Each structure stands twice: as structure tokens, then as C-alpha cells.
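Peer 1: Chains as they are written, first to last, in numbering that gives the first Met the number 0: chain A, 0 to 195; chain B, 0 to 195.
Protein chains: 2
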Amino acid sequence: MANVAKYDRADVIKKAMLLFWEKGFNGTSTRDLQQAVDLRPGSIYSAFGSKEGLFKEALRCYSANTYALLQEKIQQQGSPLSGLQAFIHCVVVSNRSSAPSDMCMLVKAVAELTDSNPELLQESQILMKKGELSFTRVLQEAQSQGELSSNADPQSLAKYIQVQLIGLRTYLRTSNDVVAVEQLIENTFQMLKAPH
Amino acid sequence: MANVAKYDRADVIKKAMLLFWEKGFNGTSTRDLQQAVDLRPGSIYSAFGSKEGLFKEALRCYSANTYALLQEKIQQQGSPLSGLQAFIHCVVVSNRSSAPSDMCMLVKAVAELTDSNPELLQESQILMKKGELSFTRVLQEAQSQGELSSNADPQSLAKYIQVQLIGLRTYLRTSNDVVAVEQLIENTFQMLKAPH
DNA sequence: TTTGATTTTGAGCAGTTGTTCAAGTTAAAA
DNA sequence: TTTTAACTTGAACAACTGCTCAAAATCAAA
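1) So L105 (chain B) and S123 (chain B) are in contact, right, with Cβ under 8 Å, and what is the actual spacing, rounded?
2) Please classify D31 (chain A): does DSSP put it in a helix, a strand, or coil?
3) Are the CB atoms of V177 (chain B) and L167 (chain A) nearer to each other than 8 Å?
4) Would you please verify whether the beta carbon of L53 (chain B) is less than 8 Å from any beta carbon of chain A?
5) Taking the straight line between their C-alpha atoms, what separation do you get for S93 (chain B) and K128 (chain A)?
6) How big is the Cα-Cα spacing for R59 (chain A) and D31 (chain A)?
7) State the Cα-Cα distance for the pair K107 (chain B) and K55 (chain A), rounded to the nearest angstrom.
8) Give the residues from the stretch 116–128 of chain B that approach chain A closer than 8 Å (Cβ to any Cβ), ordered along the chain.
9) For Y170 (chain B), collect the residues of the same chain with a Cβ closer than 7 Å to its Cβ; drop the 5 residues on either side in sequence, then sort them by chain order.
10) So, does the CB of Y61 (chain B) fall closer than 8 Å to a CB anywhere in chain A?
11) Is the distance from the Cβ of E118 (chain B) to the Cβ of E51 (chain B) below 8 Å?
12) What residues in the stretch 90–106 of chain A bring their beta carbon closer than 7 Å to a beta carbon of chain B?
13) If you run the structure through DSSP and keep just helix, strand and coil, what is K5 (chain B)?
14) Indicate the three-state DSSP secondary structure (helix, strand or coil) for Q144 (chain B) in the structure shown.
15) Can you tell me whether P117 (chain A) is helix, strand or coil according to DSSP?
16) Nearest by alpha-carbon distance to E71 (chain A): which of A:L83, A:K13, A:E131 is it?
17) According to DSSP, simplified to helix, strand and coil, what is V92 (chain A)?
18) At which residues does the alpha helix (DSSP H) containing G52 (chain A) begin and terminate?
19) So with CB distances below 7 Å, who are the chain B contacts of L167 (chain A)?
20) Is there a C-beta anywhere in chain B that falls below 8 Å from the one on S174 (chain A)?
21) Which residues in chain B sit within 8 Å of A179 (chain A), going by Cβ to Cβ distance?
22) Evaluate E185 (chain B) with the Cβ neighbour count: other Cβ atoms within 10 Å of its Cβ, from every protein chain shown; 16 or more gives buried, anything less gives exposed.
23) Please classify Y159 (chain B) as buried or exposed, where buried requires at least 16 other C-beta atoms within 10 Å of its C-beta.
24) Cα-Cα, which of A:D101, A:T135, A:K5, A:S96 is closest to P153 (chain A)?
25) Any beta carbon of chain A sitting closer than 8 Å to that of L68 (chain B)?
26) What are the start and end residues of the alpha helix (DSSP H) that includes S45 (chain B)?
27) Where T137 (chain A) and A193 (chain B) are concerned, what is the direct C-alpha to C-alpha distance, given to the nearest angstrom?
28) Just mark M0 (chain A) as buried or exposed, buried being the case when its beta carbon has 16 or more other beta carbons within 10 Å.
29) Report yes or no: is there a C-beta of chain A within less than 8 Å of the C-beta of E21 (chain B)?
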């Protein structure tokens with residue numbers, strides 16, 4: 000039985016993810032995808048079922064990559080809170096030129112999607128929630144290491160961080176004001192690190 | 000010369016704005032628009048030139064409505080800073096059920112648009128900048144009335160407010176957590192009102 | 001080498017897209 | 001009443017959409 004896939008599934012998903020991230024769900028045609036991924040329609044539809052199916056995989060790929068970057072930055076910095084700050088600076092500022100879009104792919108998804116794609120909207124919301132949860136865990140770790148005040152509430156701070164991250168990235172998209180955004184990141188973490 | 004418009008231009012723009020706000024630029028077809036606005040293609044194209052032309056008018060309409068709401072809330076509250084807080088609470092929380100989308104139409108626009116619609120992207124960015132400028136002026140007024148500390152910087156605080164507003168609205172879209180969002184609005188303004 | 005299930009291919013379908021334009025309608029001016 | 005110029009109408013166009021499926025290609029097992 001010839002069941003050897005000729006193509007690398009993970010690679011296909013990554014290429015699709017980069018295109019969807021850049022152009023959005025409605026803005027990306029199946030022909031754009033076929034070209035980016037170098038597969039004919041039949042192969043794509045047998046592997047992913049539909050454009051929606053491929054987009055869902057792309058969302059998960061984006062989310063996993065982002066989580067991996069957070070862990071990497073925490074390792075590099077050697078501390079949870081500094082790692083989180085480095086992660087945010089990286090995602091918002093440093094990676095801007097290499098990324099397909101200034102904005103978070105999940106934010107672009109919840110901005111664009113409506114009730115006509117309920118599954119994709121829900122998936123995006125779930126992945127955002129998971130992102131918040133990983134921030135909560137980082138903050139809990141920071142707290143147990145004494146990097147964060149013991150009377151801080153990691154869960155509501157995680158929500159705050161999420162709001163800042165969404166806000167900063169989107170603000171940068173509208174203003175191009177890198178200096179102001181770097182200042183705002185600095186302020187946010189000075190607040191967090193202060194005994195408060 | 001029969002140059003009496005049979006339709007109310009402002010009303011047409013408003014109806015188009017509500018539809019574009021809900022479904023986005025790519026997500027709204029010209030037939031959706033024709034139906035919402037009750038005009039045939041020829042009339043729309045002679046009045047606005049293209050789908051892009053109508054979208055640009057819709058963006059300006061949205062922006063003007065939002066500015067009017069800010070002024071209204073400042074009047075109602077009788078003070079700039081409380082007015083700004085009331086405005087943000089209104090836009091983020093109270094108006095949520097009546098609005099076509101949880102999110103800011105300008106944020107949805109900059110999220111969705113790419114280089115294939117450079118004029119629309121630029122217009123969205125300009126209107127966001129104008130929004131920030133009106134926040135700056137409100138904060139300057141608050142400062143001159145002693146509601147805001149005299150060593151605060153209205154210009155960078157306006158950027159901060161803009162980040163919060165974008166972040167909070169989008170966060171609500173992803174989480175539905177109204178309680179947390181109201182708490183974050185409260186915190187933001189306690190910080191601003193404190194002598195700091 | 002032959003077999004046969006699995007995968008890949010790409011022409012093509014039915015529906016939708018943004019837009020045009022000739023024909024018809026309107027109402028003020030002559 | 002007739003003229004005239006602006007406005008409205010809606011059928012139609014060419015391009016594009018997501019997707020299907022019969023035919024061809026592939027390769028492990030017999």
C-alpha cells in the first residue's frame with residue numbers, strides 16, 4: 000500500500016499559516032494557497048477537508064510557535080518575568096520585520112471572523128485563552144521565585160498582560176511609533192516588578 | 000435639471016458603515032451593500048465610484064460618530080477625565096449589545112487590510128491618529144482643570160489610553176469576560192487620577 | 001513482475017465577485 | 001407641452017471563488 004505522503008504535512012501547514020497570517024481568511028484564496036504550498040486542490044482537500052480545515056491547522060501552528068518562543072525567551076533570560084518581557088519585546092518589536100503581519104494572527108482572526116465561520120472563531124478564542132493561561136503560569140512561577148510580589152494576583156495580571164500585548168501590537172500597526180511602544184513595554188514591567 | 004437625490008446620502012453611508020463594521024471589507028459583497036442600502040449598482044457607483052470609495056466614507060462616518068460620543072460623555076460627566084472614562088466604558092461595555100461588532104471598526108480595518116488596498120489602510124491609520132489626538136486634547140484640558148497631575152504628559156498618556164482601548168475591546172471579543180474588563184478600566188483611571 | 005490500494009493531478013463546475021452601460025425615468029427649465 | 005440633462009435601473013460581463021472527481025501516477029506487497 001502506497002501511503003507515503005510525498006509532501007511534509009508540517010511544512011505545508013506552516014506555509015499556509017504564513018499566508019493566512021498575512022492576508023487573513025477571506026483575503027486568501029485557495030489558489031494562493033495551492034501556489035504557496037505547491038499542492039493541487041485534490042491533495043489539499045483530501046488532507047484538510049476544506050479551506051476552513053487548513054485555516055484551523057494554521058491557527059494551531061501559529062499558537063504552538065508563539066508558545067515555543069515564550070519558553071525560549073524565559074530560558075534565555077533565566078527568569079520568568081524578564082523572559083515574559085523579552086518575549087513581548089520580541090513579538091511586538093524585534094520580529095516585526097520578519098513576520099507576515101505586525102499583528103497577532105489570532106487577533107486578526109477574531110477581528111475578521113463572524114458567525115459564518117463559528118468553528119474558526121471559537122478555535123481562535125480558545126487559543127487566546129490558552130495564551131492567557133500560559134501567562135498565568137509564568138506569573139505564578141515568577142511569584143514563587145520572589146520576582147513578583149506575593150500579594151499580586153497572577154490570574155488577573157495575566158489578563159492585564161494579554162490586554163497590553165494585543166493593544167501594543169495593534170497600536171504599532173496603526174502608528175508605527177516604535178519608540179512609544181518600547182517605552183510602554185518598559186513601564187508595564189517596571190510596574191510589575193515594583194513591590195507595589 | 001433633475002439633480003434632486005432620491006436617497007439620503009448620509010443615511011446610505013451609515014447603513015453601509017454598519018454592514019462593513021459587522022462583516023469587514025472583504026466579507027461584505029456589493030450585493031449585501033445594495034440590499035442594505037436599497038440602491039442599484041449604478042447609483043452606488045455614480046455616488047461613490049467603487050466599493051473602496053464607499054468603505055472610505057463608512058470609515059469617516061464611524062470616526063465622526065465616535066468623536067461625537069466622546070464629546071457627549073464629557074458634557075454629561077461635566078469633567079474631561081470622568082468623561083473619558085465614561086466614554087471608554089460606554090464603547091467597550093455598554094454599547095456592546097447594540098453595536099454590529101465588539102471591536103473597533105478602525106482596528107478591524109487595519110487588521111484586515113493589506114497593501115492591496117493602500118488608500119483604505121492609510122485612511123484607517125489617519126483616523127486612528129486623529130482619535131489619539133482628541134484623547135491628547137481631553138487630557139490637556141483635564142490637566143489645566145487640575146483633574147490630572149501637572150507633571151503628567153498628555154501626549155504619551157493619550158498613546159497609553161489608545162493602547163488600553165484597543166486592547167480591552169479586542170480582549171473582550173476573545174474572552175467575553177466583562178467583569179475583568181470593567182475592573183481593568185477602573186484600575187486604569189485610578190492610576191490616572193492618583194497624584195502619581 | 002504483477003497486483004491493487006492509495007495518492008496526486010488538473011480540467012472543470014456552479015456559484016459569487018466587483019463593475020459597466022444602454023435603456024428607461026424623472027422633474028426643472030424653456 | 002416640449003425639451004433636456006441628470007439620475008436610476010437591472011441585465012450582463014469577465015474574472016474569480018471554493019471545491020469535485022475521473023483519470024493517471026505511485027509504490028509496497030505478493
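No residue lacks a Cβ here, since even glycine has one placed at the ideal position from N, Cα and C. Quick caveat, the model's predicted, so the values are computed rather than measured.
Peer 2: Reading off the structure:
1) Against the second sequence, residue 105 (chain B) aligns to sequence position 106. Against the second sequence, residue 123 (chain B) aligns to sequence position 124. Going by Cβ atoms, the distance from L105 (chain B) to S123 (chain B) rounds to 5 Å, so yes, they are a contact pair.
2) On the first sequence, position 32 is the one that residue 31 (chain A) refers to. Correct three-state label for D31 (chain A): helix.
3) Along the second sequence, read from residue 1 onward, the residue named residue 177 (chain B) stands at position 178. Along the first sequence, read from residue 1 onward, the residue named residue 167 (chain A) stands at position 168. The Cβ atoms of V177 (chain B) and L167 (chain A) do not sit closer than 8 Å to each other.
4) Here residue 53 (chain B) is taken as the residue at index 54 of the second sequence, counted from 1. L53 (chain B) does not count as touching chain A.
5) As a position in the second sequence, residue 93 (chain B) is number 94, starting the count at 1. As a position in the first sequence, residue 128 (chain A) is number 129, starting the count at 1. Cα to Cα, the separation comes out at about 23 Å.
6) Walking along the first sequence from the start, residue 59 (chain A) turns up at place 60. Walking along the first sequence from the start, residue 31 (chain A) turns up at place 32. Approximately 20 Å, taken between the alpha carbons.
7) Taking the second sequence and counting its residues from 1, the one referred to as residue 107 (chain B) is at position 108. Taking the first sequence and counting its residues from 1, the one referred to as residue 55 (chain A) is at position 56. K107 (chain B) and K55 (chain A): Cα-Cα distance of roughly 20 Å.
8) Residues of the stretch 116–128 of chain B with a C-beta less than 8 Å from any C-beta of chain A: S123, Q124, M127, K128, listed in chain order.
9) As a working note, residue 170 (chain B) is residue 171 in the second sequence. If we look at Y170 (chain B) and ignore the five residues flanking it on each side, its Cβ neighbours are V180.
10) Position 62 of the second sequence, counted from the start, is the residue given in the question as residue 61 (chain B). Among the residues facing chain A, Y61 (chain B) is not included, as its CB has no counterpart in that chain under 8 Å away.
11) The residue given as residue 118 (chain B) occupies position 119 in the second sequence. The residue given as residue 51 (chain B) occupies position 52 in the second sequence. Yes, the Cβ-Cβ distance between E118 (chain B) and E51 (chain B) is below 8 Å.
12) Listed in sequence order: M102, V106.
13) Here residue 5 (chain B) refers to the residue found at position 6 of the second sequence. If DSSP states are grouped into helix, strand and coil, K5 (chain B) belongs with coil.
14) Along the second sequence, read from residue 1 onward, the residue named residue 144 (chain B) stands at position 145. Coil, per DSSP.
15) As a working mapping, residue 117 (chain A) is identified with position 118 in the first sequence. Helix.
16) Mapped onto the first sequence, residue 71 (chain A) falls at position 72. Of the listed residues, the one whose Cα sits closest to E71 (chain A) is A:L83.
17) Looking up residue 92 (chain A) in the first sequence gives position 93. DSSP places V92 (chain A) outside both helix and strand once states are collapsed to three, so it counts as coil.
18) Working through the first sequence from its first residue, we reach residue 52 (chain A) at position 53. Where G52 (chain A) is concerned, the enclosing alpha helix (DSSP H) stretches over 50–76.
19) Translated into positions along the first sequence, residue 167 (chain A) becomes position 168. Correct list: V162.
20) Working through the first sequence from its first residue, we reach residue 174 (chain A) at position 175. Interface residue, yes.
21) The sequence position of residue 179 (chain A) within the first sequence is 180, counting from 1. In chain order: S155, K158.
22) The residue given as residue 185 (chain B) occupies position 186 in the second sequence. With fewer than 16 other Cβ atoms from the protein chains shown falling within 10 Å of its own Cβ, E185 (chain B) counts as exposed.
23) Here the question's residue 159 (chain B) lines up with position 160 in the second sequence. Buried is the call here.
24) Here residue 153 (chain A) corresponds to residue number 154 of the first sequence, with the count starting at 1. Selected option, being the one with the closest Cα: A:T135.
25) Mapped onto the second sequence, residue 68 (chain B) falls at position 69. False, the Cβ-Cβ gap to chain A never drops below 8 Å.
26) Your numbering for residue 45 (chain B) matches position 46 in the second sequence. S45 (chain B) -> alpha helix (DSSP H) spans 40–47.
27) Along the first sequence, read from residue 1 onward, the residue named residue 137 (chain A) stands at position 138. Along the second sequence, read from residue 1 onward, the residue named residue 193 (chain B) stands at position 194. Correcting the residue type first, residue 137 (chain A) is Val in the shown sequence and not Thr. Answer to the nearest angstrom: the Cα atoms are 29 Å apart.
28) Counting from one through the first sequence, the residue named residue 0 (chain A) turns up at place 1. Reliability fails at M0 (chain A), whose pLDDT of 42 lies under 50, so the model's placement of it is uncertain and no value is given.
29) Within the second sequence, residue 21 (chain B) is the residue found at index 22, counting from 1. Yes, E21 (chain B) counts as interfacial toward chain A.
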